[in-house]
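Below is one structure, written out as structure tokens; the observations come after it.
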Amino acid sequence: MTEKKLAIIATKGTLDWGYPPFILASTAAALGYDTELLKKKLDLQVTSLGNPGMPMPMPMPVLLQALPGMQGMMTTMMKKKMASKGVADLGVLRDLCIEAE
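Using the numbering used here, read the sequence shown as starting at 1 and increasing by one per residue.
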């Protein structure tokens, strides 16, 4: 019988695309798969994009979002919002995937 394996390549650097690879990898590891997760970009920056299911604490006009430094501020706000809702941090998900080996 062959060993069950799963390879996942993370190609996007946004907050909403950062979670799916870790969720898939941790679920596959829990089901007994030998899982590998590859990050395509070495400078993967996790930033926020709009998510209607988790609105920002204060609305930001599109023009304001284009200003330098706003993307980082909005990412910080989104991470705080996610933490207050009990969503696991990407670092926690990464650690869970590593522990599942």
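Note that CB positions come from ideal geometry on N, CA and C, so glycine has one too.
In this text, all values refer to a predicted model and were calculated from it rather than measured experimentally.
Asked, Found
"Would you call the CB atoms of K39 and A10 closer than 8 Å?", "yes"
"When burial is assigned at 16 or more other CB atoms within 10 Å of the CB, is T2 buried or exposed?", "exposed"
"What is the DSSP secondary structure of L31, reduced to helix, strand or coil?", "coil"
"From P20 to K80, what distance separates their C-alpha atoms?", "19 Å"
"Taking the C-alpha atoms as reference points, what is the distance between M78 and T27?", "24 Å"
"Determine whether the beta carbon atoms of K5 and G32 lie at a separation below 8 Å.", "no"
"Name the residue from E36, G72 and L67 whose alpha carbon lies nearest to the alpha carbon of E99.", "E36"
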